[in-house]
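Participant: Just so you know, the numbering used here puts 499 at position 202 of the sequence shown, and the rest follows in order with no gaps.
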Amino acid sequence: MKRSARESSGAYELSWSIDTVDQPDAAGAAGPALELELELEALEELYVGDRLWDYDKSRARTADREGVYRFVHDGALRLVFARAPSPSNVMPRVVYEPLFSRVEAGQKHRRRVTLGLPVHEYSSLARDMSEPTSLVEVERVTLILAYRLRSSMDAAPLPPPLETADAAGYIVHEPKLIVSSLEVDKIPVKRRTGYMARFALPGEPKPGPMPLEQPPEQRR
């Protein structure tokens with residue numbers, strides 16, 4: 298099941314695909330997985346927010362182990378390279394704003410993420426995949442990718458303090474979104490049965506409040 302989509306503008310050409318593949322598990326046996334591949338060709342210099350991150354045990358920044366945030370919304374699986382939403386009644390200490398990769402005019406930027414099946418819902422503020430879930434099937438996948446053109450900025454962005462752009466990426470504010478969808482064969486997803494702040498597109502209702510009796514992972 299390989300499905301592909303393309304999006305284009307005067308600033309970029311985006312090609313991306315979803316496929317099912319075999320991926321070795323911890324014991325070395327092959328298991329089914331979902332593979333996301335994307336290629337963004339810049340027609341002018343731009344920045345792509347695909348560097349999702351977390352803290353390791355020493356509180357040093359490290360690449361997010363899962364690679365992409367995932368949310369089920371209205372029967373579709375949203376794969377998100379953008380800031381994850383917060384509950385309306387919680388102000389997290391860290392929001393894990395994605396860092397950005399620079400893509401110069403004429404360059405192609407590629408990213409591949411492999412997810413075990415069934416896919417688990419996951420975000421920077423809902424990392425614990427041992428939370429209760431129910432199994433659902435989706436027949437649509439939507440890719441959401443934050444980006445910003447260099448020509449829209451007054452000054453070039455910088456990496457985080459004491460870090461390098463090669464290692465960490467760039468801090469970019471007020472990005473726009475590329476949103477692209479495709480129809481797929483049924484994909485199993487473990488949808489969280491408890492509260493989760495799910496990603497809303499512009500014009501959609503934002504996540505509501507989190508029940509206060511639920512210990513918020515978001516405050517970590």
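No residue lacks a Cβ here, since even glycine has one placed at the ideal position from N, Cα and C.
Can you list, in chain order, the stretches of the beta strand (DSSP E) that have 3 or more residues and sit fully within the stretch 367–454?
Facilitator: 373–378, 396–400, 405–413 and 430–446
Participant: Look up A494 in the DSSP assignment and say whether it is helix, strand or coil.
Facilitator: coil
Participant: Does the stretch 372–379 come close enough to the stretch 436–451 that 3 or more CB-CB pairs lie under 8 Å?
Facilitator: Because the criterion of three Cβ pairs below 8 Å is met, the stretch 436–451 and the stretch 372–379 touch.
Participant: Take D482 and list the residues in its own chain whose beta-carbon comes closer than 6 Å to its own, dropping the five residues that flank it on each side.
Facilitator: Cβ neighbours of D482 beyond the five flanking positions: M298.
Participant: Once the 5 residues before and after R516 are set aside, which same chain residues still bring their CB inside 8 Å of it?
Facilitator: In this predicted model, R516 has a pLDDT of only 44, less than 50, meaning its place in the structure is not dependable enough to derive any value.
Participant: Which same chain residues end up closer than 8 Å to E401 when comparing Cβ atoms and leaving out the 5 residues on each side of it in sequence?
Facilitator: A339 and E342
Participant: Could you name the residues that DSSP lists as bridge partners for L474?
Facilitator: Beta-bridge pairing by DSSP links L474 to A443.
Participant: Are there 16 or more other CB atoms within 10 angstroms of the CB of Y352, so buried, or fewer, so exposed?
Facilitator: exposed
Participant: Here's the rule I'm using: 16 or more other beta-carbon atoms within 10 Å means buried, otherwise exposed. How should P512 be labelled?
Facilitator: Bear in mind that the predicted position of P512 carries a pLDDT of just 49, short of 50, making it too unreliable to give a figure here.
Participant: Starting from the C-beta of E336, find all residues in its chain whose C-beta is less than 6 Å away, skip the five residues before and the five after it, and write them out in chain order.
Facilitator: By the criterion of a C-beta distance shorter than 6 Å, E336 is surrounded in its chain by S312, K405 and R407, once the five residues flanking it on both sides are discounted.
Participant: Go ahead and pull the three-state DSSP assignment for D519.
Facilitator: The requested residue 519 does not occur in the structure, where the chain is confined to residues 298 to 517.
Participant: Quick check: what's the CA-CA separation for S421 versus P504?
Facilitator: Rounded to whole angstroms, S421 and P504 show a C-alpha spacing of 15 Å.
Participant: Tell me the residue span of the beta strand (DSSP E) that contains A302.
Facilitator: R300 to S305
Participant: Report the option in W350, Y344, S431 and A423 whose CA atom is closest to the CA atom of S448.
Facilitator: Y344
Participant: If you reduce the DSSP assignment to three classes, tell me which class I468 lands in.
Facilitator: I468 falls in the coil class under three-state DSSP.
Participant: Answer yes or no: do V416 and L333 have a C-beta to C-beta separation smaller than 7 Å?
Facilitator: no
Participant: Please name the residue, chosen from L455, T490, P485 and A497, that lies closest to T317 on a Cα-to-Cα basis.
Facilitator: P485
Participant: Is the distance from the Cβ of A494 to the Cβ of P384 below 7 Å?
Facilitator: For A494 and P384, yes; Cβs fall inside 7 Å.
Participant: Where A330 and L446 are concerned, what is the direct C-alpha to C-alpha distance, given to the nearest angstrom?
Facilitator: Whole-angstrom Cα-Cα distance: 33 Å.
Participant: First and last residue of the beta strand (DSSP E) that includes E310?
Facilitator: Y309 to P321
Participant: How big is the Cα-Cα spacing for S301 and L479?
Facilitator: So the two alpha carbons sit approximately 7 Å from each other.
Participant: Which class does A357 belong to by DSSP, given the choice of helix, strand or coil?
Facilitator: coil
Participant: Rounding to the nearest angstrom, what Cα-Cα distance links A594 and D425 in this structure?
Facilitator: For residue 594 there is no data in the structure shown, the boundaries of the chain being 298 and 517.
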